[in-house]
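Student: One structure follows; several queries about it will come next.
Number of protein chains: 2
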Amino acid sequence: MGHNFKPVSREPLYVKVYQAIEADILSGVLEEGAFLPTEGELCEQLGVTRSSVREGIRSLEQAGLVTRGAAKRLVVQRPQTQDVAAAASRGWTLGGVTFDEVWEVLATLYPHAAGLAASRSSKAGVDELFEIRNRLASYDKSEHDKIVQSSVAYFQCLTGQLNNRVLVTVLQSLNMMIGASLRRVIAATPQAQKRIARAQLEITEAISQRDAPTAQRWMAKHIDDLKRGYSVARVDMSAEIFRSD
Amino acid sequence: MGHNFKPVSREPLYVKVYQAIEADILSGVLEEGAFLPTEGELCEQLGVTRSSVREGIRSLEQAGLVTRGAAKRLVVQRPQTQDVAAAASRGWTLGGVTFDEVWEVLATLYPHAAGLAASRSSKAGVDELFEIRNRLASYDKSEHDKIVQSSVAYFQCLTGQLNNRVLVTVLQSLNMMIGASLRRVIAATPQAQKRIARAQLEITEAISQRDAPTAQRWMAKHIDDLKRGYSVARVDMSAEIFRSD
DNA sequence: CTTTGTCGCGTTGTCTGACAATGTGTTTAA
DNA sequence: TTAAACACATTGTCAGACAACGCGACAAAG
Numbered sequence: 001m002g003h004n005f006k007p008v009s010r011e012p013l014y015v016k017v018y019q020a021i022e023a024d025i026l027s028g029v030l031e032e033g034a035f036l037p038t039e040g041e042l043c044e045q046l047g048v049t050r051s052s053v054r055e056g057i058r059s060l061e062q063a064g065l066v067t068r069g070a071a072k073r074l075v076v077q078r079p080q081t082q083d084v085a086a087a088a089s090r091g092w093t094l095g096g097v098t099f100d101e102v103w104e105v106l107a108t109l110y111p112h113a114a115g116l117a118a119s120r121s122s123k124a125g126v127d128e129l130f131e132i133r134n135r136l137a138s139y140d141k142s143e144h145d146k147i148v149q150s151s152v153a154y155f156q157c158l159t160g161q162l163n164n165r166v167l168v169t170v171l172q173s174l175n176m177m178i179g180a181s182l183r184r185v186i187a188a189t190p191q192a193q194k195r196i197a198r199a200q201l202e203i204t205e206a207i208s209q210r211d212a213p214t215a216q217r218w219m220a221k222h223i224d225d226l227k228r229g230y231s232v233a234r235v236d237m238s239a240e241i242f243r244s245d
Numbered sequence: 246m247g248h249n250f251k252p253v254s255r256e257p258l259y260v261k262v263y264q265a266i267e268a269d270i271l272s273g274v275l276e277e278g279a280f281l282p283t284e285g286e287l288c289e290q291l292g293v294t295r296s297s298v299r300e301g302i303r304s305l306e307q308a309g310l311v312t313r314g315a316a317k318r319l320v321v322q323r324p325q326t327q328d329v330a331a332a333a334s335r336g337w338t339l340g341g342v343t344f345d346e347v348w349e350v351l352a353t354l355y356p357h358a359a360g361l362a363a364s365r366s367s368k369a370g371v372d373e374l375f376e377i378r379n380r381l382a383s384y385d386k387s388e389h390d391k392i393v394q395s396s397v398a399y400f401q402c403l404t405g406q407l408n409n410r411v412l413v414t415v416l417q418s419l420n421m422m423i424g425a426s427l428r429r430v431i432a433a434t435p436q437a438q439k440r441i442a443r444a445q446l447e448i449t450e451a452i453s454q455r456d457a458p459t460a461q462r463w464m465a466k467h468i469d470d471l472k473r474g475y476s477v478a479r480v481d482m483s484a485e486i487f488r489s490d
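From first to last, the protein sequence lines stand for chains G and W.
Following this note's numbering, the numbering of the first sequence begins with 1 at its first residue and continues without gaps.
Following this note's numbering, the numbering of the second sequence begins with 246 at its first residue and continues without gaps.
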């Protein structure tokens, strides 16, 4: 047998442009916050025209690797948990996942998260949780939007204290998907506010006392309660999640 | 304070192109598998030039909404779990997450997944799990690559039977991140193969008997065992995960 | 001294027009 | 009938152009 040749790369130039810039970001040559050369300079350095450079840049932008900074210059950025969460939830929504699927993961992770919070939350973090909870309790029960907002804020605040970006990202992406439907649930169940406030109180107190099992148990109960709300509000859990942005 | 104005929309054309096409995909006007018009036709319909159309297409491609099909025509696709998982794991890796963070989620979800599998796996699914497990057991303990491959295959096969795309996606993305390090662990611990085979056997039997608690317990033990392997192999769990694609 | 106008300059956003490379379908030759 | 040849449509890439925009510097106005 003769020599084995590698198949020659037949990728379009704009893909190569993407790969070239991505590689330097990954390897650390281009640090976060660094300015990329201008499009004109990139043309020179890479030996292609602006058309190809620009098409490559679009992919980098969509991938969350670069963004437009001061004077519209391209700035390197590491994907933020926000970006990753948004991309994941968008992908899932487009992929046609159902509430059931989301809920199954939610019901597993949130109790666990509450347990973790009990051992990791700082004094300030607990205070903030109490504050959000009390604000929720203070609303009139007809102020649905504010109630929803507070509920989400509570979850956000709690996950933010976990010091675990993976967990935060997953939970945030799940939040994004159920946000819209949550409003319907709260609007349809008059006692929703009271029950949420109660659960948040119990969870927060358990966290402040570093009582992980209780925090976990109450969070599980809370999630379960919300799920029951879905059937009350006649939301079909086996239906695809609709897009809400 | 005076009136609050909404910022006027001043998005570049290529963004509007992206949004226009995305909107029709989301609303279902363009179904999965449908062919998009050619670039030239898009120019006419949208009233912009090919440059702008093409830049918009790059974003759509990166978002996983379209791909090149027969005769290089653009085809609408819904984001696949593979794509979402790959994007998430890439984002996390670039974001500099640590093994600890990944592991925490892994250790929560996999036992739960094993429990679910006990109630959802089909006969054929269980058979496949047994088959993968037996293949792993048959390798020589020096065949590290094959052992790693089988371990991953077992996890993949198990998650695939859950009928939950969200869960599958998350677990897959986590798998992608630990894959490379797993090889080091297995290479460093001589008894790894035996222990993995044992755990997989117990888990699979529990699943085949629809014994969710046992499946869950053994999976938890299995994960815990693997984690212990990491310290034996002197992998620093608090270090950033390196990229391995 | 702060705010507002304007000017120049570099960069991005968009367009026009062109051509090579590639894939498809059809026709022609073996 | 198969295989080669060809025309055709489409994508990938290039060159060159210009308007729009953001920013800093500087001057004018309050």
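Every residue gets a Cβ at the ideal spot worked out from N, C-alpha and C, and that includes glycine.
Comparing the C-beta of W/GLU376 with each C-beta of chain G, is any distance below 8 Å?
Tutor: Translated into the one-based positions of the second sequence, residue 376 of chain W becomes position 131. Chain G contact via Cβ: absent.
Student: Which residue comes first and which comes last in the beta strand (DSSP E) that contains W/VAL320?
Tutor: Numbered from its first residue, the second sequence carries residue 320 of chain W at position 75. Note, W/VAL320: beta strand (DSSP E), 319-321.
Student: State yes or no: is the C-beta of G/MET176 within less than 8 Å of the C-beta of G/ALA85?
Tutor: Indexing the first sequence from 1 puts residue 176 of chain G at position 176. Indexing the first sequence from 1 puts residue 85 of chain G at position 85. In this structure, G/ALA85 lies closer than 8 Å to G/MET176 by Cβ.
Student: Output yes or no for whether 8 Å exceeds the beta carbon distance between W/LEU407 and W/ALA362.
Tutor: Position 162 of the second sequence holds residue 407 of chain W. Position 117 of the second sequence holds residue 362 of chain W. For W/LEU407 and W/ALA362, yes; Cβs fall inside 8 Å.
Student: Name the chain G residues that come within less than 7 Å of W/VAL347, Cβ to Cβ?
Tutor: Residue 347 of chain W sits at position 102 when you count from the first residue of the second sequence. Ordered by position in chain G, the residues that pass the 7 Å Cβ test against W/VAL347 are VAL166.
Student: So which residues on chain G does W/TRP337 lean against when the C-beta distance must stay under 9 Å?
Tutor: By 1-based counting over the second sequence, the position of residue 337 of chain W is 92. By Cβ distance, chain G contributes PRO79, THR81, VAL84, ARG165, VAL166 and THR169.
Student: Is G/THR49 helix, strand or coil when you go by DSSP?
Tutor: Position 49 of the first sequence, counted from the first residue, corresponds to residue 49 of chain G. Three-state DSSP puts G/THR49 in coil, outside helix and strand.
Student: Could you have a look at W/HIS248 and say whether DSSP puts it in helix, strand or coil?
Tutor: Position 3 of the second sequence, counted from the first residue, corresponds to residue 248 of chain W. Because the pLDDT of W/HIS248 is 46, which lies under 50, any placement of that residue in the model is unreliable, and the number read from its coordinates should be weighed accordingly. Coil.
Student: Let me see if you follow: with CB-CB separation under 8 Å, is G/GLN247 close to chain W or not?
Tutor: Outside the modelled stretch of chain G, which goes from 1 to 245, sits residue 247 of chain G, for which no answer is possible.
Student: Taking C-beta to C-beta, are G/VAL17 and G/SER52 nearer than 8 Å?
Tutor: As a working mapping, residue 17 of chain G is identified with position 17 in the first sequence. As a working mapping, residue 52 of chain G is identified with position 52 in the first sequence. Taking 8 Å as the Cβ cut-off, G/VAL17 and G/SER52 qualify as a contacting pair.
Student: For W/PHE400, count neighbouring Cβ atoms within 10 angstroms of its own Cβ and tell me buried if that reaches 16, exposed if not.
Tutor: On the second sequence, position 155 is the one that residue 400 of chain W refers to. Classification for W/PHE400: buried.
Student: So, is G/ARG282 buried or exposed, given that buried needs 16 or more other C-beta atoms within 10 angstroms?
Tutor: What the structure shows of chain G is the stretch from 1 to 245, and residue 282 of chain G is not part of that stretch, so it cannot be assessed.
Student: Do G/ALA114 and G/ILE203 have their C-beta atoms closer together than 8 Å?
Tutor: For the purposes of this step, residue 114 of chain G is taken as residue 114 along the first sequence, with counting starting at 1. For the purposes of this step, residue 203 of chain G is taken as residue 203 along the first sequence, with counting starting at 1. Going by C-beta atoms, G/ALA114 is nearer than 8 Å to G/ILE203.
Student: Within 8 Å (strictly less), CB to CB, does G/VAL97 reach chain W?
Tutor: For the purposes of this step, residue 97 of chain G is taken as residue 97 along the first sequence, with counting starting at 1. At least one chain W Cβ lies under 8 Å of G/VAL97.
Student: Just mark G/PHE99 as buried or exposed, buried being the case when its beta carbon has 16 or more other beta carbons within 10 Å.
Tutor: What you label residue 99 of chain G is simply residue 99 of the first sequence in a count that begins at 1. Buried, since its Cβ has 16 or more Cβ neighbours within 10 Å.
Student: I'd like the span of the alpha helix (DSSP H) that includes W/VAL393, first residue to last.
Tutor: Residue numbering aside, residue 393 of chain W sits at position 148 when the second sequence is read from its first letter. Segment 389-405, the alpha helix (DSSP H) holding W/VAL393.
Student: Chain W beta carbons: is any one of them nearer than 8 Å to that of G/HIS144?
Tutor: Indexing the first sequence from 1 puts residue 144 of chain G at position 144. No, G/HIS144 does not count as interfacial toward chain W.
Student: DSSP three-state call for W/GLU346: helix, strand or coil?
Tutor: Walking along the second sequence from the start, residue 346 of chain W turns up at place 101. Looking at W/GLU346 - three-state DSSP - the assignment turns out to be helix.
Student: May I ask which residues mark the beginning and end of the alpha helix (DSSP H) holding W/ARG492?
Tutor: For chain W, the structure presents residues 246 to 490; residue 492 of chain W sits outside this window and is missing.
Student: Along chain W, which residues have their Cβ under 7 Å away from the Cβ of G/HIS112?
Tutor: For this step, residue 112 of chain G is matched to residue 112 along the first sequence. Neighbours of G/HIS112 on chain W, chain order: THR353.
Student: Using a C-beta cutoff of 8 Å, does G/GLN62 count as contacting chain W?
Tutor: For the purposes of this step, residue 62 of chain G is taken as residue 62 along the first sequence, with counting starting at 1. So, interface residue.
Student: In its own chain, which residues sit with a C-beta less than 7 Å from the C-beta of G/LEU201, not counting the 5 before and 5 after it?
Tutor: By one-based count along the first sequence, residue 201 of chain G stands at place 201. ARG133.
Student: If you compare alpha carbons, which of W/TYR259, W/SER426, W/ALA478 and W/GLU349 is closest to G/ARG58?
Tutor: Walking along the first sequence from the start, residue 58 of chain G turns up at place 58. Checking every option, the nearest Cα to that of G/ARG58 belongs to W/TYR259.
Student: With W/THR312 as the anchor, note down where its alpha helix (DSSP H) starts and where it stops.
Tutor: Stepping through the second sequence from its first residue, residue 312 of chain W is reached at position 67. That residue, W/THR312, is in no alpha helix (DSSP H); its beta strand (DSSP E) goes 311-313.
Student: Whole angstroms is fine: what's the gap from W/LEU493's alpha carbon to G/THR67's?
Tutor: Chain W is shown from 246 up to 490; residue 493 of chain W falls before or after that span and cannot be answered.
Student: Given W/VAL320, which residues of its chain have a CB within under 8 Å of its CB, disregarding the five upstream and five downstream residues?
Tutor: As a position in the second sequence, residue 320 of chain W is number 75, starting the count at 1. Cβ within range, chain order: GLY278, ALA279, PHE280, LEU281, VAL311, THR312, ARG313 and GLY314.
Student: Report the rounded CA-to-CA distance for G/ARG234 versus G/LEU42, giving the unit in angstroms.
Tutor: Against the first sequence, residue 234 of chain G aligns to sequence position 234. Against the first sequence, residue 42 of chain G aligns to sequence position 42. If I take the Cα positions, the gap works out to 55 Å.
Student: Report yes or no: is there a C-beta of chain G within less than 8 Å of the C-beta of W/HIS248?
Tutor: The sequence position of residue 248 of chain W within the second sequence is 3, counting from 1. Note that W/HIS248 has pLDDT 46, beneath the 50 cutoff, so the model's placement of it is unreliable and no number is given.
Student: Roughly how many angstroms lie between the CA atoms of W/SER453 and W/VAL293, to the nearest whole one?
Tutor: Mapped onto the second sequence, residue 453 of chain W falls at position 208. Mapped onto the second sequence, residue 293 of chain W falls at position 48. Near 59 Å, if we compare the C-alpha coordinates of W/VAL293 and W/SER453.
Student: Look at G/LEU109 and G/LEU167 and say whether their C-beta atoms are less than 8 Å apart.
Tutor: To locate residue 109 of chain G, count along the first sequence from 1; it is residue 109. To locate residue 167 of chain G, count along the first sequence from 1; it is residue 167. Yes, Cβ-Cβ distance for G/LEU109 and G/LEU167 is below 8 Å.
Student: Under 7 Å between beta-carbons, which chain G residues line up against W/ARG299? List them in chain order, please.
Tutor: On the second sequence, residue 299 of chain W is found 54 positions in, with the first residue counted as 1. Chain G residues near W/ARG299: GLU55.
Student: Straight-line CA distance for G/ALA153 to W/GLY301?
Tutor: Translated into positions along the first sequence, residue 153 of chain G becomes position 153. Translated into positions along the second sequence, residue 301 of chain W becomes position 56. Straight-line Cα distance between these residues: approximately 34 Å.
Student: Whose Cβ in chain G lies nearer than 9 Å to the Cβ of W/ALA460?
Tutor: In the second sequence, residue 460 of chain W corresponds to position 215, counting from 1. Simply none; closest approach about 15 Å.
Student: Looking only at its own chain, which residues have a Cβ that is under 7 Å from the Cβ of W/ILE441, when we skip the five neighbours before and after it?
Tutor: Counted from its first residue, the second sequence places residue 441 of chain W at position 196. LEU381 and SER396, listed in sequence order.
Student: Across which residues does DSSP place G/PHE35 in a beta bridge pair?
Tutor: Here residue 35 of chain G refers to the residue found at position 35 of the first sequence. DSSP, once it has assigned bridges, lists G/VAL75 as partnering G/PHE35.
Student: Which residues in chain W have a C-beta closer than 8 Å to the C-beta of G/TYR14? List them in chain order.
Tutor: Counted from its first residue, the first sequence places residue 14 of chain G at position 14. The contacting residues are ARG303.
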